[in-house]
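Visitor: I have a structure I would like to understand better, so I am pasting it below and will then ask my questions one at a time.
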Amino acid sequence: MHSWDKTLIGTSKCFLQATGMIPLLSVAKSTVLISGETGTGKELFARAIHYTGERRGKPFVPVNCAALPDHLIENELFGHSKGAFTGALNEKSGLFQEANGGTLFLDEINSLNLTVQSKLLRVLQDQEFRPLGSTKSQRVDVKIVAATNTDLRCLVESRQFREDLFYRLNILSVLLPSLRDRKEDILLLTTHFLRIYAKEFGRGPITLAPSSKAKLMGYPWPGNVRELEGVVQRAVVMAAGDVLEAHDFDLPDNKQPEPVGPTMALLSRGQITDECSFQKMKTRVIEEFERTYLCELLSAHQGNISQAARAAKKERRAFQRLLHKHGLDRRVFFAA
């Protein structure tokens, strides 16, 4: 079991394709660009890259570029020398120096102004920078992992992001799927968060009623995994019972509900085309049903194959063959 398996939770194919890149991204010295909507877990993914590679004993320094004002971000990243500006009474190290030997995670890199972008490009090219007010350059050994919730190509076209910096960042890239594109992970993630917050708030085991499962699966989750975690935490705090019903989950009214049923789910994701025959679509729907059913069953039995096989009324070996067919690892479903 990999070191990130307890934080990056999911069994959907699109999610496993992304996490399957972690070993490669962790050993490569090139910069890594992580794209994905807000709340998809980009920082967790960046941490997995750092702590899987040879730099894991060195600092992992995260910085939210959008949270720093333009007039401060250059100072935060590169530091300054004594007397560089009014009030600079002492020399100050920047985040690049703090991350030396390790990884600097630049979240929301799309928010950097063009001046800082040009200086960042020099660091990526030469592995050296010059603090504010200094006449001497300093060399650093830092792996850059950047993240964006915006399509940088569009920003390049509108001249809001440097094209040369984009190509330097985009050497190795990965797109994290939204939660609506990995719907089979919703209940698995919900169960994971239920265990965490039931323990944190001193409650016993909490389960989901069928009505709550339907409500969670039918919501589009614009805030992705971060939104789901907040909703589950609130339900654990506020609900009185140990079986959560639909009304225990405080969700906005979904005026345009997600299509229900495996066929409609495929259609909504654009996976039904003119070239898809009846037999091909039947096979896809069956595969999606099997995978979702197996995930929910393993989650209910906390990864116990014998119990899950009995509940499915299948022989243990046949059940294991199904797990192998869909690339499911029972250890992902162990109780926290």
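If you read the sequence shown in the numbering used here, its first letter stands for residue 1478, the second for the next number, and so on. Heads up, the beta-carbon is just placed ideally off N, CA and C, and yes, glycines get one too. None of these values were measured; they are calculated from a predicted model.
1. Just mark residue 1696 as buried or exposed, buried being the case when its beta carbon has 16 or more other beta carbons within 10 Å.
2. Among the candidates 1515, 1722 and 1633, whose CA atom is the shortest distance from the CA of residue 1541?
3. Can the beta-carbon of residue 1418 be found less than 8 Å from the beta-carbon of residue 1776?
4. Would you kindly report the start and end of the unbroken alpha helix (DSSP H) that includes residue 1699?
5. In whole angstroms, what separates the C-alpha of residue 1707 from that of residue 1614?
6. Mind the definition here: the segment 1624-1640 touches the segment 1575-1593 only if three or more C-beta pairs lie below 8 Å; say whether that holds.
7. What are the start and end residues of the beta strand (DSSP E) that includes residue 1512?
8. Could you pull the start and end residues of the alpha helix (DSSP H) that residue 1552 belongs to?
9. Does the beta-carbon of residue 1654 have 16 or more other beta-carbons within 10 angstroms, so that it is buried, or is it exposed?
10. Assuming residue 1651 contacts residue 1782 (C-beta within less than 8 Å), just tell me the rounded distance between them.
11. Which first and last residues belong to the beta strand (DSSP E) in which residue 1662 is found?
12. Using the beta-carbon count (16 or more within 10 Å), is residue 1608 buried or exposed?
13. In terms of residue numbering, what span does the alpha helix (DSSP H) encompassing residue 1490 cover?
14. Taking the beta carbon of residue 1501 as the centre, do at least 16 other beta carbons fall within 10 Å, making it buried, or is it exposed?
15. Give the DSSP-derived three-state secondary structure of residue 1683 in the structure shown.
16. Hey, how far is the Cα of residue 1523 from the Cα of residue 1582?
17. Cβ of residue 1622 within 8 Å of Cβ of residue 1606?
18. Answer with buried or exposed for residue 1551, where buried requires no fewer than 16 other C-beta atoms within 10 angstroms of its C-beta.
19. Decide if the segment 1703-1718 is in contact with the segment 1484-1495; the criterion is three or more beta carbon pairs, one per stretch, under 8 Å apart.
20. Quick check on DSSP: helix, strand or coil for residue 1807?
21. Shortest alpha-carbon distance to residue 1642 belongs to which of 1587, 1710 and 1694?
22. Buried or exposed: residue 1765, going by 16 or more other Cβ atoms within 10 Å of its Cβ?
23. Rounded to a whole number of angstroms, what is the C-alpha to C-alpha distance between residue 1629 and residue 1513?
24. Under the three-state reduction of DSSP, which class applies to residue 1613: helix, strand or coil?
25. Put residue 1798 into one of helix, strand or coil per three-state DSSP.
26. I'd like to check one pair, residue 1580 with residue 1532: are the Cβ atoms closer than 8 Å?
27. Quick one: using the 10 Å Cβ neighbour count with 16 as the cut-off for buried, is residue 1744 buried or exposed?
28. Output the boundary residues of the alpha helix (DSSP H) element that contains residue 1755.
Guide: So, to answer that:
1. Residue mapping note: residue 1696 aligns to position 219 of the sequence shown, counting from 1. Counting C-beta atoms within 10 angstroms of its own C-beta, residue 1696 has 16 or more neighbours from the protein chains shown and is therefore classed as buried.
2. Stepping through the sequence shown from its first residue, residue 1541 is reached at position 64. Of 1515, 1722 and 1633, the smallest CA-CA separation from residue 1541 is found for 1515.
3. Only positions 1478 to 1813 of the chain appear in the structure, and residue 1418 is not among them; the question remains open.
4. Counting from 1 along the sequence shown, the entry for residue 1699 is found at position 222. Segment: none, residue 1699 is in no alpha helix (DSSP H) and carries neither H nor E.
5. As a working mapping, residue 1707 is identified with position 230 in the sequence shown. As a working mapping, residue 1614 is identified with position 137 in the sequence shown. For residue 1707 and residue 1614, the distance between alpha carbons rounds to 45 Å.
6. Yes, they touch.
7. As a working mapping, residue 1512 is identified with position 35 in the sequence shown. 1509-1512 is the extent of the beta strand (DSSP E) around residue 1512.
8. The sequence position of residue 1552 within the sequence shown is 75, counting from 1. Its alpha helix (DSSP H) spans residues 1547-1555.
9. For the purposes of this step, residue 1654 is taken as residue 177 along the sequence shown, with counting starting at 1. Residue 1654 should be labelled buried.
10. Position 174 of the sequence shown, counted from the first residue, corresponds to residue 1651. Position 305 of the sequence shown, counted from the first residue, corresponds to residue 1782. For residue 1651 against residue 1782, the beta-carbon gap comes to about 31 Å, at or over 8 Å, which does not count as contact.
11. Indexing the sequence shown from 1 puts residue 1662 at position 185. Residue 1662 -> no beta strand (DSSP E), and no H or E assigned at all.
12. As a position in the sequence shown, residue 1608 is number 131, starting the count at 1. Answer is buried; the Cβ neighbour count reaches 16.
13. The residue labelled residue 1490 in the question sits at position 13 within the sequence shown. 1490-1496 is the span of the alpha helix (DSSP H), which, as asked, contains residue 1490.
14. Locating residue 1501 in the sequence shown gives position 24, counting from the first residue. Around the CB of residue 1501, fewer than 16 other CB atoms lie within 10 Å, so the residue is classed as exposed.
15. Numbered from its first residue, the sequence shown carries residue 1683 at position 206. Coil.
16. The residue you call residue 1523 lines up with position 46 of the sequence shown. The residue you call residue 1582 lines up with position 105 of the sequence shown. Residue 1523 and residue 1582 have their C-alpha atoms some 7 Å from each other.
17. Your numbering for residue 1622 matches position 145 in the sequence shown. Your numbering for residue 1606 matches position 129 in the sequence shown. At a Cβ-Cβ threshold of 8 Å, residue 1622 and residue 1606 do not count as neighbours.
18. Position 74 of the sequence shown, counted from the first residue, corresponds to residue 1551. By the neighbour-count rule (16 or more Cβ atoms within 10 Å), residue 1551 is buried.
19. They do not touch, by the three-pair rule.
20. Along the sequence shown, read from residue 1 onward, the residue named residue 1807 stands at position 330. When DSSP states are grouped into helix, strand and coil, residue 1807 belongs to the helix group.
21. As a first step, residue 1642 is located in the sequence shown; it is residue number 165 there, counting from the start. The shortest Cα separation from residue 1642 among 1587, 1710 and 1694 belongs to 1587.
22. Reading the sequence shown from its first residue, position 288 is the one you call residue 1765. By the 10 Å Cβ count, residue 1765 comes out buried.
23. Looking up residue 1629 in the sequence shown gives position 152. Looking up residue 1513 in the sequence shown gives position 36. When rounded, the separation of the alpha-carbon atoms in residue 1629 and residue 1513 is 11 Å.
24. Start at 1 with the first residue of the sequence shown, and residue 1613 comes out as number 136. It is coil, neither helix nor strand.
25. To locate residue 1798, count along the sequence shown from 1; it is residue 321. In the structure shown, residue 1798 falls within a helical segment according to DSSP collapsed to helix, strand and coil.
26. Counting from one through the sequence shown, the residue named residue 1532 turns up at place 55. Counting from one through the sequence shown, the residue named residue 1580 turns up at place 103. Between residue 1532 and residue 1580, the C-beta spacing is below 8 Å.
27. As a first step, residue 1744 must be located in the sequence shown, where it is residue number 267. Residue placement at residue 1744 is poorly supported in this model, since its pLDDT is 46, which falls under 50; the coordinates are not used for a value here.
28. Counting from 1 along the sequence shown, the entry for residue 1755 is found at position 278. Looking at the DSSP string, the run of the alpha helix (DSSP H) that includes residue 1755 is 1755-1777.
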